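>
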Amino acid sequence: MVKQKLIQITTYFLMVILLTGCWDQISIEEHGFVVGSAIDKANDYSDENMNLSLTNQIVSPAGLGTPAGGGNNKSPFVNVTATGTSIFTINRNMVQEISRAPFYEHVRLLIVSEEVAREPEIFASILDIFIRDQEMRRGIKIMIAKNKAKELLEIKPEPEQLPVRYLDMISDNNYKSIDMIDPVTLGNVHDFLLNNKSYVLPKISLSENEVDYKGAAVFHGLNDNMVAELTAQETKGMNLVKGDVNGGVIKFKVEDHVMTFELEGAKSKIKIDPKDPKNMDISVNVEVEGRLAEMYGSKTLLDPSYLSKIEEKVAKKIEKLANQTIDKAQKEMKLDIFDFDKILKQKHYSIWKRIKKDWEDGENYFANSRIDVSADVQIRETGATNRAKGKRHE
Amino acid sequence: MSVVARRVKRKQNVIQNSNKQEENKQKENFSITIYKELDKNITNLKKMLGEPIDLVVRPFTVRGTEHKCAIAYIDGLVNDDLIHSHIMKNVQLETERKQLPDEKVKLFEVINNEIISASTEKGYTLDDLSNALLNGDTIFYLDGIDKVLLIDTRGWESRAIEEPDSETVIRGPREGFVENIQTNLVLLRRHIRDPNLRLKKHYIGRRSKKTIAVTYVDGIINPDIVKEVDRRLRAIDMDDAPGVGYIEQWIEDSFLSPFPQLINTERPDKVSAALLQGKLAIFLDGTPLVLVLPATFGNALQSPEDYYERWTIGTLIRGLRYLAAFISVFLPALYVALVSYHPGMIPQKLAFSIAATREGVPFPPFIEALLMTITMELLREAGARLPTTIGQTIGIVGGLVIGEAAVQAGIVSPIMVIVVALNAIASFAIPSYSVAISFRILLFGFLIASAVFGLFGIILAYIMINIHLVNLKSIGVPYSTPFAPTFLRDWNDLIFRSPIPLISRRPKYLQAEDEKSGNTGGKNL
């Protein structure tokens, strides 16, 4: 009895193990690790035949070298391009071109070219596989390339070995700049796609082998296509209104002296008075803290009146930047890139329910609202000494 | 055939065996009774033992009388000084000063009570006699009496008390048990000077007749444990118990389990601490190892050192040991699972560097891991059986030369070598050898599971082990307690080792009669 049972159990156990084998097992060195992808229109793109081209940057780990041994002469990556009508078929085509099947769990970056992003519906459709495929991660960063996205994967960056890692690290430097927006991940974009609300993605461009990570692409919420773009200055304004600032620089002039103010953080308080939806009052108060990084001229900073004068100037400059962006958003784009809708939804839900459809579309209450920006600036530090240069006799 | 039926049959064999022994005795023509005649007795004794070369029989007469007498003992098992000073000297000198009765029975009593100064017992049958003789007693015959005196003259060479090699501590006592059970019990007595310390004697081994001592502190221990151990010890039936492992394997609850269900130790301080918690210890003559029971999983990862250091250090060392246990069971399996099934779960830079080092390695990770862990086991086994000086050479040749050469030859990846080395170091950090070895068995199980199903397989195997653990018992006490069944109070001395004054109660899972510890935490000041 016991013996029989033992034999039975052993048989089942061995069957489970031996019949399944090492199913799904692929050794780590046999994967083609994709670190970044770029999507462009294929050369033969037409309206009937929407051929896209996908370029994958595949790492060849041996070329990266080990910390001790350094790299050998092999290139650390290969870019593989394939074309097709859907990302999935492109992937299948790509397998024929490279010995190691693309493996997407380590993708860091997805770059979509502006011409693809401008086509209605296509942007959302190509993201579908990136969002739903089990190999994809929600932390993939998404950027919009001004020209061909593929070119960005071919730069020769220093000191990084991989172009993708270079781009990835640049986008993380936004804590030192307000010209760029926070990196947007696939998870965020999934959120955006589910709401019929306009959103902003970071823009990247290549000019003469120089990467320029500035500005932003504005997407319409209904068709999910890119409709406008913000310049670096306009991005600054948007960031300030949103209070989405970790650092950055504002240049201005005081008494004809150039001064540089380094932001250390900004908070914005937004109040919306929705009593009359057709004519809403939105007041934005930006509180900025920072230090005076650089000053020309030789006036002492210990003089409180001089300091408050500087603060006033910074505030003026901030208000100017903000208003410039608000103007563009209300008059040109007619899209709420500042996420005022979130505040409406949170604080005035009953009204929001009624006007939701007419906020950006239809009546476009956003474009008709009055937005008033004021800034409070506080200089926290003036540096180690009150001045660096001797006072000129005036 | 069921286990019970097999046991019954074994018992029957035993009875048949003893019948055979009786037959043998008759064949060899000696009688099991003791005669009145001295000569007859001596030839009888010699016949029974087969005239061994180490049997010493010394006939003499009681001084000042005509009474013939003799002593017999086994050379080497007895203390010659004792025989000289307590028997020979007394029987030959003391008798002069005394008025000895003429009647033989009275003389026998006088010699027993007044002359011989060592402890004596009376023997009536040849069985008593041979047992005593082989235990190192000396037999005293008096012509004309059909009884003998069994005089305790035991004394043989034994090793000096040394620090146990297998369980060294830094801040603890340096003494360890030796092969002599008397010495060992003395060592225990010196730790617990409590009248309630009970030492119960059993004999084990049909032919070896070894002494085992069951020790516990009455009034602390739960009597059920004593009863159960007693029952199990009585069931033991074998020729000999050369080491304490024989007893362990007779009385453990599950012989299929990879986990050791009793604690082995050479340290008197560890035994005494366990007895004072409400546990029980079994000493076996002829081995320096002592069995402590019941044991739990938590005990497997404890060392006396935890208590000798201050509590912060004790706690951190324990935490480290749990980490070591985790590494020694899971690390190679996790590596194999991540590298062959889930490269997406490895941080990006690490994944690339692993992939770079694996480039050109001919084996899949599982085979690589298996090769390396088996090599590790070979090295460990080879080192353990060799003299220490050569053992170190093995370590260097094996660890450094083979490891380095294998990497250079491209047979294994350097990261695999790191994984296996880390795993080996972690398993050496587990204080008990038998526990460390059982964890190595689990390692191979997990390795196979991870090779077949990846992380999923590891989780499955982990669940299986857990189911087994919660089912396992050690002398009726759940092995996984106080984790499950949960006794939160006992967690103050589990992974976290609270300051000694706060461990004021004996472990709840032992259900001690006297739950309060000898430690009041200073409340009665």
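Protein chains in written order, with our numbering: chain U, 6 to 399; chain R, 71 to 595.
Note that CB positions come from ideal geometry on N, CA and C, so glycine has one too.
Quick caveat: nothing in here was measured; it's all calculated off a predicted structure.
(1) Would you call the stretch 502-518 of chain R and the stretch 418-431 of chain R touching, i.e. three or more CB-CB distances under 8 Å?
(2) Can you list the alpha helix (DSSP H) stretches of 4 or more residues lying completely in the stretch 246-329 of chain R, in chain order?
(3) Count the other CB atoms, across all protein chains shown, that sit within 10 Å of the CB of R/Pro293; report buried if there are 16 or more and exposed otherwise.
(4) Measure the alpha-carbon distance for U/Lys304 versus U/Ser118 and round it to whole angstroms.
(5) May I ask you to report which of helix, strand or coil DSSP gives R/Ala142?
(6) Which of the three DSSP states, helix, strand or coil, is assigned to U/Thr190?
(7) Since U/Glu294 is in the beta strand (DSSP E), which residue starts that stretch and which ends it?
(8) Sort out for me which residues DSSP pairs R/Arg224 with in a bridge.
(9) Could you give the DSSP three-state label for U/Phe18: helix, strand or coil?
(10) Do the stretch 478-498 of chain R and the stretch 440-459 of chain R touch if we need at least three Cβ pairs shorter than 8 Å?
(11) Return no unless some Cβ of chain R is closer than 8 Å to the Cβ of U/Thr86.
(12) From R/Phe210 to R/Glu191, what distance separates their C-alpha atoms?
(13) Output, in chain order, the set of chain U residues within a Cβ distance shorter than 9 Å of R/Ala521.
(14) Quick check on U/Leu69: does DSSP put it in helix, strand or coil?
(15) So with CB distances below 8 Å, who are the chain U contacts of R/Val360?
(16) Keeping to the same chain, check which residues put their C-beta closer than 6 Å to that of U/Asn369; ignore five residues upstream and five downstream.
(17) Which of the three DSSP states, helix, strand or coil, is assigned to U/Gly37?
(18) Are the C-beta of R/Val487 and some C-beta of chain U separated by less than 8 Å?
(19) In three-state terms, what does DSSP make of U/Phe257?
(20) Do R/Pro358 and U/Glu110 count as a contact pair if the criterion is CB distance below 8 Å?
(21) Is U/Ile33 close to chain R? Criterion is C-beta to C-beta, closer than 8 Å.
(22) List the residues that DSSP assigns as beta-bridge partners of R/Tyr211.
(23) Using a C-beta to C-beta distance shorter than 7 Å, which residues of chain R count as neighbours of U/Ala67?
(24) Between which residues of its own chain and R/Met71 is the CB-CB distance below 6 Å, once the five residues before and five after are set aside?
(25) Please say whether U/Ala222 and U/Ala122 have beta carbons closer to each other than 8 Å?
(26) Among R/Arg450, R/Ala479, R/Ala476, R/Ser483, which one has its Cα closest to the Cα of R/Glu429?
(27) In whole angstroms, give me the CA-to-CA distance for R/Phe509 and R/Leu203.
(28) Does DSSP put U/Arg375 in a helix, in a strand, or in coil?
(29) If contact means a Cβ-Cβ distance below 9 Å, which residues of the stretch 105-118 of chain U contact chain R?
(30) What ranges does the beta strand (DSSP E) occupy inside the stretch 94-162 of chain U, keeping only unbroken runs of at least 3 residues that lie completely in it?
(31) Leaving out five residues before and five after U/Glu316 in sequence, what residues of the same chain have Cβ atoms less than 8 Å from its Cβ?
(32) Would you mind telling me which residues of chain U sit closer than 8 Å to R/Val409, beta carbon to beta carbon, in chain order?
(33) Taking CB distances under 8 Å as the criterion, tell me whether R/Ala421 reaches chain U.
(34) For U/Thr265, which beta-bridge partners are listed by DSSP?
(35) Which of the three DSSP states is assigned to U/Val400 in this structure?
(36) Distance, Cα to Cα, U/Lys181 vs R/Trp561?
So, from the listed chains and residues:
(1) no
(2) 251-261, 293-305, 314-321
(3) exposed
(4) 49 Å
(5) strand
(6) strand
(7) 286-300
(8) R/Val148
(9) helix
(10) yes
(11) no
(12) 10 Å
(13) Cys27, Gln30
(14) helix
(15) What R/Val360 touches in chain U: nothing, since even the nearest Cβ is about 34 Å away.
(16) Lys339
(17) strand
(18) no
(19) strand
(20) no
(21) yes
(22) R/Ala140, R/Val218
(23) Ala426, Glu429
(24) The pLDDT assigned to R/Met71 is 47, lower than 50, so where the model puts this residue is not dependable, and the model offers no usable value.
(25) yes
(26) R/Ser483
(27) 45 Å
(28) strand
(29) Phe108, Tyr109, Glu110, His111, Arg113
(30) 114-118, 146-150
(31) Val382, Gln383, Ile384
(32) Ser32, Ile33
(33) yes
(34) U/Lys256, U/Glu299
(35) Here chain U has residues from 6 to 399 only, and residue 400 of chain U is not among them.
(36) 49 Å
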